[in-house]
Amino acid sequence: MKRSLGGRLTNLAAWVILSILILPSLVAFPVSVTSKTYLSLPWEGVSLQHFQHLLTSPEWMSSFGQSLLIALVSSALATFLGTLAAIGLWRLSGRFVETIRAFLLLPLMVPPIISAMAFYRWWVPLGLIDSYLGVIIAHSILAIPMVVITVSAALANFDLKLEQASRSLGASLPTTVRRVILPVIRPGILAGAVFAFILSWDEIVVTLFISKFDVFTLPRRLWNGMRENTDPTVAAAAVVLICTTLVFLIGYAILSPKRGEEVG
Amino acid sequence: MSFTFAEKTHLVMTKRLNPYWLLVAPAGLLVLALYAAPIINVLFLSVTDPKPGLGNYAKIFEGDSVAILIWRTIRLCLITTASSVLLGYVVAYAMVHALAHVRQRMMSILLISFWISVLVRSFAWLMLLGHNGLINNFLIGVGIIQEPLALARNELGVLIGMTEYMLPYAILPLLANMQGIDPLVARASRSLGASHAQTFVRVFLPLTKPGIIAASLLVFISSLGFYVTPAILGGGKVQMIAEYISVQLLVTVRWGTAAMLATLMIGCVLALMYLLNRFMKLSVVFGGGTR
Numbered sequence: 399m400k401r402s403l404g405g406r407l408t409n410l411a412a413w414v415i416l417s418i419l420i421l422p423s424l425v426a427f428p429v430s431v432t433s434k435t436y437l438s439l440p441w442e443g444v445s446l447q448h449f450q451h452l453l454t455s456p457e458w459m460s461s462f463g464q465s466l467l468i469a470l471v472s473s474a475l476a477t478f479l480g481t482l483a484a485i486g487l488w489r490l491s492g493r494f495v496e497t498i499r500a501f502l503l504l505p506l507m508v509p510p511i512i513s514a515m516a517f518y519r520w521w522v523p524l525g526l527i528d529s530y531l532g533v534i535i536a537h538s539i540l541a542i543p544m545v546v547i548t549v550s551a552a553l554a555n556f557d558l559k560l561e562q563a564s565r566s567l568g569a570s571l572p573t574t575v576r577r578v579i580l581p582v583i584r585p586g587i588l589a590g591a592v593f594a595f596i597l598s599w600d601e602i603v604v605t606l607f608i609s610k611f612d613v614f615t616l617p618r619r620l621w622n623g624m625r626e627n628t629d630p631t632v633a634a635a636a637v638v639l640i641c642t643t644l645v646f647l648i649g650y651a652i653l654s655p656k657r658g659e660e661v662g
Numbered sequence: 052m053s054f055t056f057a058e059k060t061h062l063v064m065t066k067r068l069n070p071y072w073l074l075v076a077p078a079g080l081l082v083l084a085l086y087a088a089p090i091i092n093v094l095f096l097s098v099t100d101p102k103p104g105l106g107n108y109a110k111i112f113e114g115d116s117v118a119i120l121i122w123r124t125i126r127l128c129l130i131t132t133a134s135s136v137l138l139g140y141v142v143a144y145a146m147v148h149a150l151a152h153v154r155q156r157m158m159s160i161l162l163i164s165f166w167i168s169v170l171v172r173s174f175a176w177l178m179l180l181g182h183n184g185l186i187n188n189f190l191i192g193v194g195i196i197q198e199p200l201a202l203a204r205n206e207l208g209v210l211i212g213m214t215e216y217m218l219p220y221a222i223l224p225l226l227a228n229m230q231g232i233d234p235l236v237a238r239a240s241r242s243l244g245a246s247h248a249q250t251f252v253r254v255f256l257p258l259t260k261p262g263i264i265a266a267s268l269l270v271f272i273s274s275l276g277f278y279v280t281p282a283i284l285g286g287g288k289v290q291m292i293a294e295y296i297s298v299q300l301l302v303t304v305r306w307g308t309a310a311m312l313a314t315l316m317i318g319c320v321l322a323l324m325y326l327l328n329r330f331m332k333l334s335v336v337f338g339g340g341t342r
């Protein structure tokens, strides 16, 4: 394809902008292996001391485990509830259905700080402040929209006749869901689960309000570290955070069938 | 409140309720009881705490601090919107005109950056832009400047961080819009004698107006609630509504003022979201916009 000068300049500009989206986040990688004890590039030697400090620190390791546990449980819960809801909404019709769909997407639309306020105020009388259950429920609710969106996208390509055939041949609703619908929409469910996991794994604003001492997730500890500044251990922890996210994204890319550039 | 399974089945049979409602119920009830209800509770607090009435709302007009805060938030969000939609337009334009495999690669970059934690990204910008940051150290080391530039802990730093974070939100709706434009239209314009520039200004740009509006609304809505980026890159000096709310709750414990600001914010967000939905289906925006 012949390209004009303007077209080529646009292309160059686009790549520069795209690199700004990625490269700054990667600065944590070189900083995390600096031999100095303050935030700096490793010009005068590479050292793994900050990772060693990270791995031997009971506080950081406990936060790592907590985040992993919370993200796994809440993404499982959100995936289960979100998938069922998406299937239900897909087969229902009527004026209310779109309203309910919008209602289920609410946690995605409301600014996180307001979600944080709402959970904080509600969790106190329920005794859920600073408990695993409280954080898990909050993260699940925040992640349900992700699952509803990805599963609904998968269902949009599903042939309704399959479901009708299954039902008319006498299969019950649970059997139809399990044996006919679920296998077909598995990629959408997988995407939803991955996004739900990352959402919980990274979540900071809500967690900041509803946890205190007992629950101290990795982003929470990073947040504290960042505000006190200067320790490269924080950069090492940031590397761990990014890498976990990337592992899940790459795993998802490998596991999901190539159907073009799908969900975001 | 809760029914046994038999009762539920009975209910379904007698009312001929579509059994698929049972699939929606668990998520629906969870969101209703533990999300919508607490949010409504917060909205109520704005007119009941510390005493019933509109006292909290009157604070906007008494003294300057709240008005200044609201104005600063709106101003920073508008600048963020303008810059990220402008930059995002360039990327989206290049993406629709790129070959399929190049577009795929650009899309991967977009999705990866979309999913990297806002915390890590703000921290990375702080390491780059800070007083002793990598950029300042480099420029001083090379001898271009003697004094460090004030790149962070001010509005500039906050704007850089917010714009970078919001770019994917601008690009995805623009891309969805541009992919719906028939390439033959531009070709027709060219074959009728219009130059590249004329084709762009007179044909392509007007066709992307819905995309520009949708992207601007989405970015503006999402920026209103920014908390992490201003807190880290503003260094406490550039307070936006979200950070102010957190101080009201955690330090001075004034729920009324915080709830009033939250009510304004949520009203603004939902109204704009409704508007956005008229320009572009929300499912397109949130679904990555490639269908």
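These protein sequence lines are chains A and B, in that order. Each residue of the first sequence is one higher than the last, beginning at 399 in the numbering used here. Each residue of the second sequence is one higher than the last, beginning at 52 in the numbering used here. C-beta: ideal position from N, C-alpha, C; glycine also.
Check	Outcome
Give the single residue among W166(B), I167(B) and M146(B) whose Cα lies nearest to the Cα of A157(B).	The sequence shown places Met at residue 157(B), rather than the Ala named in the question. Measuring from the Cα of M157(B), the nearest candidate turns out to be M146(B).
Whole angstroms are fine: how far does the CA of A203(B) sit from the CA of G649(A)?	36 angstroms
Tell me the DSSP bridge mates of T432(A)?	V444(A)
May I have the straight-line CA-CA distance separating A514(A) from A133(B), to the nearest angstrom?	28 angstroms
Can you say whether E496(A) is buried or exposed, counting buried as having 16 or more other CB atoms within 10 angstroms of its CB?	exposed
Can you pull the chain A residues whose beta carbon is under 7 angstroms from the beta carbon of H247(B), in chain order?	S402 and G404
Name, please, each residue of chain A whose Cβ falls closer than 9 angstroms to the Cβ of M157(B).	A412, W413 and L416
Does the beta carbon of F95(B) sit closer than 8 angstroms to a beta carbon anywhere in chain A?	no
When you compare the CB positions of I587(A) and S423(A), do they come within less than 8 angstroms of one another, or not?	no
Output, in chain order, the set of chain B residues within a Cβ distance shorter than 7 angstroms of W621(A).	L170
Which residues, taken in chain order from the stretch 558-591 of chain A, show a beta carbon closer than 8 angstroms to some beta carbon of chain B?	L571 and V575
Does DSSP put A569(A) in a helix, a strand or coil?	coil
Does chain A have any CB closer than 8 angstroms to the CB of M52(B)?	Below a pLDDT of 50, predicted positions are generally treated as unreliable, and M52(B), at 45, falls in that range; no measurement from the model is reported.
So, using beta-carbon positions, are V533(A) and T605(A) closer together than 8 angstroms?	yes
For a cutoff of 8 angstroms on Cβ pairs, would you count I527(A) as touching chain D?	This model lacks chain D altogether; the protein chains it does include are A and B.
What did DSSP end up calling A412(A) once you bin it into helix, strand or coil?	helix
Using a beta-carbon distance cut-off of less than 9 angstroms, what residues from the stretch 279-309 of chain B approach chain A?	V279, A282, I283, I292, A293, E294, I296, S297, L300, L301, W306 and A309
At what residues does the alpha helix (DSSP H) containing M291(B) begin and finish?	No alpha helix (DSSP H) holds M291(B); DSSP gives it neither H nor E.
Would you mind working out which of I264(B), L200(B) and L218(B) sits nearest N228(B), comparing C-alpha positions?	I264(B)
Identify each residue in the stretch 511-522 of chain A for which the Cβ-Cβ distance to at least one residue of chain B is less than 9 angstroms, and report them in chain order.	I511, I512, S513, A514, M515, A516, F517, Y518, R519, W520 and W521
Determine the burial state of P581(A): buried for a count of at least 16 other Cβ atoms within 10 Å of its Cβ, exposed for fewer.	exposed
Could you please tell me which residues of the stretch 84-115 of chain B, in chain order, have their CB closer than 8 angstroms to any CB of chain A?	L85, Y86, A87, A88, P89, I90, N92, V93 and L96
Below 8 angstroms CB to CB, which residues in the same chain sit around L647(A) once its five sequence neighbours on both sides are set aside?	V592 and I596
For the alpha helix (DSSP H) that contains T477(A), what are its first and last residues?	P456 to R489
Taking C-beta pairs closer than 7 angstroms, name the residues in chain A that L138(B) reaches, listed in chain order.	I415
Helix, strand or coil: which one does DSSP assign to E660(A)?	Caution is warranted here: a pLDDT of 44 is assigned to E660(A), below 50, making its placement in the model unreliable, and the coordinate value is therefore given only provisionally. Of the three classes helix, strand and coil, the one that applies to E660(A) here is coil, per DSSP.
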